[in-house]
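**Q** Here's a structure for you.
4 protein chains.
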Amino acid sequence: MSESKGRVLLAYSGGLGTSRDAHLCMIADRAENTSCILAWLIEQGYEVVAFMADVGQEEDFEAARKKALAVGAKKFFLEDLKREFVTELIYPALQANCIYENVYLLGTSLARPVIARGMMAIADREGCDFVSHGCTGKGNDQVRFELAFYGLKPDIKVIAPWRIPEFYHRFAGRQALLAYAAEKQIPVQQTAAKPWSTDENLFHISYEAGILEDPDTTPPADMWKLTVDPRQAPETPQALTIEFAKGLPVKVTVPDENKVYTDGVEIFLALNALARKHGVGRIDIVENRFIGVKSRGCYESPGATILRAAHVDLEGLTLDRNVRALRDQFVTIELSKILYNGHWFTPEREFIVSAIPASQRTVNGLVRLELYKGNVIIKGRSSSEGLYDEKESSMDELGGFEPTDTTGFIQIESIRIKKWAQANIRKGQAGIEPKDVYGSRV
Amino acid sequence: MSESKGRVLLAYSGGLGTSRDAHLCMIADRAENTSCILAWLIEQGYEVVAFMADVGQEEDFEAARKKALAVGAKKFFLEDLKREFVTELIYPALQANCIYENVYLLGTSLARPVIARGMMAIADREGCDFVSHGCTGKGNDQVRFELAFYGLKPDIKVIAPWRIPEFYHRFAGRQALLAYAAEKQIPVQQTAAKPWSTDENLFHISYEAGILEDPDTTPPADMWKLTVDPRQAPETPQALTIEFAKGLPVKVTVPDENKVYTDGVEIFLALNALARKHGVGRIDIVENRFIGVKSRGCYESPGATILRAAHVDLEGLTLDRNVRALRDQFVTIELSKILYNGHWFTPEREFIVSAIPASQRTVNGLVRLELYKGNVIIKGRSSSEGLYDEKESSMDELGGFEPTDTTGFIQIESIRIKKWAQANIRKGQAGIEPKDVYGSRV
Amino acid sequence: MSESKGRVLLAYSGGLGTSRDAHLCMIADRAENTSCILAWLIEQGYEVVAFMADVGQEEDFEAARKKALAVGAKKFFLEDLKREFVTELIYPALQANCIYENVYLLGTSLARPVIARGMMAIADREGCDFVSHGCTGKGNDQVRFELAFYGLKPDIKVIAPWRIPEFYHRFAGRQALLAYAAEKQIPVQQTAAKPWSTDENLFHISYEAGILEDPDTTPPADMWKLTVDPRQAPETPQALTIEFAKGLPVKVTVPDENKVYTDGVEIFLALNALARKHGVGRIDIVENRFIGVKSRGCYESPGATILRAAHVDLEGLTLDRNVRALRDQFVTIELSKILYNGHWFTPEREFIVSAIPASQRTVNGLVRLELYKGNVIIKGRSSSEGLYDEKESSMDELGGFEPTDTTGFIQIESIRIKKWAQANIRKGQAGIEPKDVYGSRV
Amino acid sequence: MSESKGRVLLAYSGGLGTSRDAHLCMIADRAENTSCILAWLIEQGYEVVAFMADVGQEEDFEAARKKALAVGAKKFFLEDLKREFVTELIYPALQANCIYENVYLLGTSLARPVIARGMMAIADREGCDFVSHGCTGKGNDQVRFELAFYGLKPDIKVIAPWRIPEFYHRFAGRQALLAYAAEKQIPVQQTAAKPWSTDENLFHISYEAGILEDPDTTPPADMWKLTVDPRQAPETPQALTIEFAKGLPVKVTVPDENKVYTDGVEIFLALNALARKHGVGRIDIVENRFIGVKSRGCYESPGATILRAAHVDLEGLTLDRNVRALRDQFVTIELSKILYNGHWFTPEREFIVSAIPASQRTVNGLVRLELYKGNVIIKGRSSSEGLYDEKESSMDELGGFEPTDTTGFIQIESIRIKKWAQANIRKGQAGIEPKDVYGSRV
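Protein chains in written order, with the working numbering: chain A, 5 to 446; chain B, 5 to 446; chain C, 5 to 446; chain D, 5 to 446.
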């Protein structure tokens, strides 16, 4: 092909991992997947630049670089995005107590915006009009990546091979992909791929697909990678304290290790290590993907699980009741959806995130915890904010207000309730007799 | 006093417990508290009928009956409200995943409506124009009880001694109350009261006040009553399965005990026993009372903790994504507030609860769990509802829809995002460079 | 073509209207559009059954029938869906005060579910595996129709010619379509099509596209069809009363016409006639389509505008404050979105609608109104529900509660506010000096 | 009385108005009310400083000053708070489209925070430990004032005579108050008070109480003060344009008067004058007071009605769909409640308001309107924001995206709907047959 169709920036994967977003995950690991895509793009007449992001996953970046260049990439970029991942994505999500469908801490979702931004910056600099990735056509990550691309660089053109019929029909089975790899002299790892796919970063690891697709299959014990089995965790609880300023962790103290951490990334990594040792942070769920498909996923989010528990606890002591209620109902829920659905670079994210600082102004203080065999146990908390007042809440002494005030409060609160009750009685619908709780509906 | 001022139905407490709502909780246990109130009401010229509800708390009802009559109650009523507590209050709350401020399962709040309704039924039957209780003037329970009274019987008159200055000034210290008890020949328990107050029922126990008022004080190990310390729990995990129909537990199987439970109350009690043994269900929080005061509470909700985890999990498999999201944001949050604030007998409860059945129509299936040293571990789940489709979610095969459809989906989803990004670029506010996440606010 | 590809049920349009959903609306009126599609489907080898719904639009159904059969339809079905349109769609929306983006009363959205259901019933009966329509690929209605089809009959196959490249490229201009019509001997109306497209039913008419695409173009005076210009409306106001039972209109009285209407459909049509005469119900907006595109639309919803004003007013008198607030925030907003986006036959609609009856149990009473040159003026309202109490709200006499109770209420309400203010003062952030309202944010 | 009990700052009212918050509104106009309170406070041994705020109401401030000093006030302060009323309260409420219970624009609520802040500043400066007002014990304004006082100066002590039994029993009728006025030589206005009470400022006037307490009584024609009757309004529509920047009006042009206004307060007053002439801005409702009592109120909000209509319209053109939806559901509704309930100086207001700027960044453009006999008619709108794209929304040409993309979008959107429909069919609950819309509930 004498003339290039253009330059493509390819989200490349390294040598060992398997990707949750690889279509055919048990057939091709992520390396084979994006290496084959690399070769295929060149075959289609594109010039390809390979891109990798270091978001804290365990990966041999140098091997990946060599492989990408060997397969034919014009250039290879490795961007260390760990710090912005922690400070720009993880910490706002922590401040907002983000959680998806009550359980999932959004570890994969949180990494996508920084990776996508890293890619768009390189695409800009390297003059790439196209971007490509190895995500399957059924998952969340294709959506998250592409919406992020468009939110940053609306004229970027996306090549998603696993959604292009001529690609996915050609490589419909493991043999076809292996044959192609052999033809293109792409080195293939010899060990059998695990029967599930994973996505890893410093926040978490996810497990999906393969044998996990039966939601009643218990994950094998050797699947879990980032935490020990609670049964193998130490018999002795681990004490630690976390100090927050404006809702963010600023100091972690581990007394029996005589250690103190104050850097944002360091804090996160230290908590990961502690949680790993004590079996903290495993979940196993069926979740609803953005595209409307139900999907089973297992996750380990070790440090994040501790941080969330501590942050939620400290808000009890330091956050006003009404702010907390409004924040929970709107910011927590909406930002979690925004993250899960890949809507980070959108006006609604800009809008919702703008309300976080006012909600965290008073979230200052210290939480004492223990880790023990999978449990995060709150031992106590303190703050100088002054919204908690022992004397006022005390059952044992007067303070703050007169008991007679409460009589007035209850009388006023009951005005409309009495009116409703009187109307019920007039209609013969008084509520005194037990009945079906749903029975008073009509 | 020759002529009675009227008949009072008094919420009476038994012989051993201490009440979270006793003003002066370390001075007077609940028995002394309401026994003294009983005597005082008689002294004021009222005829008093004593009422106790059996909502599953550990209590010597017969001793209480004798004491109440000895002090001067005209009659004594003990109502067994356990079944309606479980079926009318606990189960709707379970279906809606109710939880207050992310953590508290609302055990005390849930019992109040059935107790209040039991009282109003007796008040009706016995011709009591007045009702009285021993709640402090600073807590939630006075509000919950009284709003429930008014929502059922809007003309009832409430006598709340701990909010009447002549009462609370007269009994401002332990000595005054003990002297009064001696004067009135009220037997007083000899053992020292515990340095906190409690409220117990079959759902949970709460600990509050006293030494717990310092939120940084770790509760003493011997405080916890309904669960063993996770450290003392068995080394071997306990397997069990819970089957749900329309969001309610209908069968609990404990394989290694060869036991099956199918009755609503039995299920709850069996789960309590299992959770107790395995240290499941302890929390320690600072919460926001309805009256706007922050308060520290510790709670054990053993069986409820298991049920909630199982129910939330099964909804992942069987509940539509959009129904779940709407239910979480509206029903879960609003019903939890309604319960906490004692608004059960109100039009808003009637309204919110009416939406529960439609949300639970499909929540049918089985969850397999393990209990282990404080952990509730989901092992798997199954259902014949058919909303989960392995083939559709599979990364390994085509199914359900074409990968090309997702391209269209992403294109349509990106229309407004691209417009926003283009406007940002025109204004020189493109998002490609990292920046303070809150920085794009203005 | 010897063998049929299958049977298609085609949503056919009659002789005179222009459709908002016709692609190329100024080129082809709706009749030409679906008549050409009819011919084209036959050409492709399908057997076609034509379907029309009478939802109250002004149309010559007999002419349409003849034309459809002349072009080659095997059968023609005309379904009168007016009553179910009113009772199953319009009235729940009225009870919930549905409105999209503060202004649009959802007239087109409301008709789609009944039309789609009518089609699926015929498709079932006539053994049609396919369904087809003439909607453009950019609008809301394609989405609404198709999601409704799938929600009723998930295995139906949709043929949307204006989204099939071979169709929309072939008929890319008026000449091509006219030539095709001539070739197929499809009679074409001689009068010039209006420079906008419309959709009409008994609830409303919409105007869109064409010259209206410039959002700064004022619609021409002769565009409006269902209402007179307020300037041409009578100088004398029109009095009427509407009686509601459980939130639904059950009696409309027009005193100076000496008329009373009690039938659901009759009520709606009578209000349409009155509103038309008095210029009530015009709007002109830019709205956000489900697919994320902004779009300008003008609408006339005459009777619905009166009904909504009266219903909202009566709720002031008869609906509990908290139920109203929760209903507004959740049911009104969510059901409006559900309707607009065509999600009627979904689990979330089932869920949200299930909460309506409990919200309307008390909405019983009478509203007196006047119509005058575009205005709907509330003159008074009455009800025997008893939630309003003159004595209680009176500024001129005591009643219902003691003024001293309010002191207690305010004291309790201020507890957490004082704590916050004290903390502000300690931090030097007291609010007494005027400042930028957004300035206290950080 | 030899020694003062302390200094009281009294919210004093002038000579002519009647106050909605005066208890006994038909007996005593506001002047008599607070003049009598002034005399009474002095009688109780307080030193009194009188305070008036100019928030745009029609009032003879000089006469009021003379009267206050004559009755015995030590000092008299008149604060002009019009500008901060407009810029700090009205404009954020406009940006957020605030409205209470669908109809009320919150004119009284909006003035309270600036008045309360003005008072607390004087109380600080003048060393007043006490503050007093003439509000009734049943209304909203007592709550709004006092919560604002406490949110600014938590140690202020409030004297609310109409909630003090010895005061309200002593002055239980007009004669008692007139006799007291005579005794204290307080001049009393001779004209009969109107049979309702009012509250006026530059935003609006409210009418309440008296004959309006019957919700079925039509207000008399001569009650309305700030707008002409639409029937008396000019036959010729009035054209005007409003330009917004970041959601705030920055330029109003009245072509046929050849006038342009650019100052915030000027804009508001000019719109008031135009709306008054054309009969724009009257409402008549039954609303729910914060204390849970239903109350009938009539309001004229002339300029505000125009501004809201224009702002809502421009948001259609310039605000992202998802931001609009989230803002409507959370900020609009919550801030309206906050304002109505007097929670301006609270952490939740700080939180909610902090989200406004991000929602208004793109709300820039021009709206053309006409006023005609009570109607605000949108004629067109324009903006250079670029979120609206004629080509993209056009039904007449391709643009922005491929029609085939919509096919993919609909397929993906229908995945979970089809699953639900299939489950319904399996259960014999397919939705094809018409049925009671609420019937699928259980």
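Backbone N, C-alpha and C fix where the C-beta goes; we use that ideal spot for every residue, glycine too.
Closer than 7 Å, Cβ to Cβ, to anything on chain A: give me those residues from the stretch 324-348 of chain C, in chain order.
**A** Going along the stretch 324-348 of chain C in chain order, one finds Asp324, Arg325 with a Cβ nearer than 7 Å to chain A.
**Q** I need the boundaries of the beta strand (DSSP E) containing Gln242/A, first residue and last residue.
**A** Taken as a continuous stretch (DSSP letters only), the beta strand (DSSP E) holding Gln242/A covers 242-249.
**Q** So, using beta-carbon positions, are Gly369/D and Leu318/D closer together than 7 Å?
**A** Yes, the pair counts as a contact, with Cβ atoms nearer than the cut-off.
**Q** Residue ranges of each alpha helix (DSSP H) run of no fewer than 4 residues wholly in the stretch 88-148 of chain D, ordered along the chain?
**A** Runs found: 95-99, 111-130.
**Q** Cys139/B to Arg167/B, Cα distance in whole Å?
**A** Each residue's Cα considered, the two are about 9 Å apart.
**Q** Taking the continuous alpha helix (DSSP H) assigned at Thr322/B, which residues delimit it?
**A** First-last of the alpha helix (DSSP H) with Thr322/B: 306-322.
**Q** Sort Arg235/D, Ala359/D, Ile356/D, Tyr211/D by Cα distance to Glu304/D and report the nearest one.
**A** Of the candidates Arg235/D, Ala359/D, Ile356/D, Tyr211/D, the one whose C-alpha sits nearest the C-alpha of Glu304/D is Tyr211/D.
**Q** Which word fits Asn262/C, buried or exposed, when buried means at least 16 other C-beta atoms lie within 10 angstroms of its C-beta?
**A** Asn262/C comes out exposed.
**Q** Under DSSP, the beta strand (DSSP E) around Pro253/C begins and ends at which residues?
**A** Start and end: 252-258.
**Q** Would you mind telling me which residues of chain G sit closer than 7 Å to Ala359/C, beta carbon to beta carbon, in chain order?
**A** Absent from the structure: chain G. Protein chains present are A, B, C and D.
**Q** Starting from the C-beta of Met30/C, find all residues in its chain whose C-beta is less than 7 Å away, skip the five residues before and the five after it, and write them out in chain order.
**A** Residue confidence is low: Met30/C scores 41 on pLDDT, short of 50, so the model does not pin down where it sits. Its coordinate-derived value is still stated next. Closer than 7 Å at Cβ, skipping near neighbours: Ala197, Pro199, Gly214.
**Q** Between which two residues does the alpha helix (DSSP H) carrying Gly268/C extend?
**A** Here the alpha helix (DSSP H) through Gly268/C covers 268-281.
**Q** Lys161/D: which of Pro169/D, Ala127/D, Ala180/D sits nearest, CA to CA?
**A** Taking only the C-alpha atoms, the option nearest Lys161/D is Ala127/D.
**Q** Do Ser397/A and Ser201/B come within 7 Å of each other at the CB atom, strictly closer than that value?
**A** The answer is no: Cβ separation not under 7 Å.
**Q** Could you tell me the alpha carbon to alpha carbon distance between Arg235/D and Ile209/D, rounded to whole angstroms?
**A** Between Arg235/D and Ile209/D, the C-alpha separation is close to 20 Å.
**Q** For the alpha helix (DSSP H) containing Thr366/D, name the first residue and the last one.
**A** Element bounds for Thr366/D: n/a, residue is neither H nor E.
**Q** Who are the near neighbours of Lys377/D in its chain, counting only those whose CB is closer than 7 Å to its CB and skipping five residues on each side?
**A** Only Pro234, Ala237, His282, Gly283 meet the Cβ criterion.
**Q** Taking three-plus beta-carbon pairs below 8 Å as touching, is the stretch 424-435 of chain B in contact with the stretch 426-437 of chain D?
**A** No, the stretch 424-435 of chain B is not in contact with the stretch 426-437 of chain D.
**Q** In chain D, which residues lie with their C-beta within 7 Å of the C-beta of Thr411/A?
**A** Result: empty, since nearest Cβ-Cβ is about 14 Å, beyond 7 Å.
**Q** Is the beta carbon of Leu110/D closer than 7 Å to that of Tyr104/D?
**A** Closer than 7 Å, so yes.
**Q** Please identify, using Cβ separations under 7 Å, the residues of the stretch 280-302 of chain A that lie next to chain B, in order along the chain.
**A** Taking 7 Å as the Cβ-Cβ cut-off against chain B, the residues of the stretch 280-302 of chain A that qualify are Asp288, Ile289, Val290, Glu291, Asn292, Ile295, Gly296, Val297, Lys298, Ser299.
**Q** Can you give, in chain order, each stretch of the beta strand (DSSP E) that sits fully within the stretch 166-226 of chain B and has at least 3 residues?
**A** For the stretch 166-226 of chain B, whole beta strand (DSSP E) runs of length 3 or above, ordered along the chain, are 201-204, 209-212.
**Q** Could you pull the start and end residues of the alpha helix (DSSP H) that Asp409/C belongs to?
**A** It spans 407-430 - the alpha helix (DSSP H) in which Asp409/C sits, taken as one unbroken run.
**Q** How should Thr447/B be labelled, buried or exposed, when 16 other C-beta atoms within 10 angstroms of its C-beta is the threshold for buried?
**A** As shown, chain B starts at 5 and ends at 446. That puts residue 447/B outside it, with no answer to give.
**Q** Closer than 8 Å by beta-carbon distance: list the chain B residues that pair up with Glu352/C, in chain order.
**A** Asp324, Asn326, Val327, Leu330, listed in chain order.
**Q** Taking its Cβ as the centre, do 16 or more other Cβ atoms sit within 10 Å of Gln179/D, making it buried, or is it exposed?
**A** Exposed, because fewer than 16 other Cβ atoms sit within 10 Å of the Cβ of Gln179/D.
**Q** Terminal residues of the continuous beta strand (DSSP E) containing Leu82/B?
**A** It spans 79-84 - the beta strand (DSSP E) in which Leu82/B sits, taken as one unbroken run.
**Q** Taking buried to mean at least 16 other C-beta atoms within 10 Å of its own C-beta, is Thr408/C buried or exposed?
**A** Its Cβ being crowded by 16 or more others within 10 Å, Thr408/C is buried.
**Q** Checking contacts by CB at 7 Å: is Arg420/D closer than that to chain A?
**A** Yes, its Cβ sits closer than 7 Å to a Cβ of chain A.
**Q** Using a Cβ cut-off of 9 Å, which residues of the stretch 135-148 of chain D contact any Cβ in chain B, in chain order?
**A** So nothing in the stretch comes that close.
**Q** Between which two residues does the alpha helix (DSSP H) harbouring Phe55/D extend?
**A** Run containing Phe55/D: none in the alpha helix (DSSP H); it sits in the beta strand (DSSP E), 50-58.
**Q** Please check if any C-beta of chain D sits within less than 7 Å of the C-beta of Asp203/C.
**A** No, Asp203/C lies away from the interface with chain D (no Cβ there is under 7 Å from its Cβ).
**Q** When burial is assigned at 16 or more other CB atoms within 10 Å of the CB, is His315/D buried or exposed?
**A** The residue in question, His315/D, is buried, as its Cβ has 16 or more Cβ neighbours within 10 Å.
**Q** Is Gly251/B close to chain D? Criterion is C-beta to C-beta, closer than 7 Å.
**A** Judged by the 7 Å Cβ criterion, Gly251/B is not in contact with chain D.
**Q** Taking Glu394/D as the reference, which of Pro253/C, Gln189/C, Val290/C has the closest Cα?
**A** Here the closest residue by C-alpha is Val290/C.
**Q** Would you tell me roughly how many angstroms separate the C-alpha atoms of Arg87/B and Leu156/C, rounded to the nearest one?
**A** Their Cα atoms are separated by approximately 40 Å.
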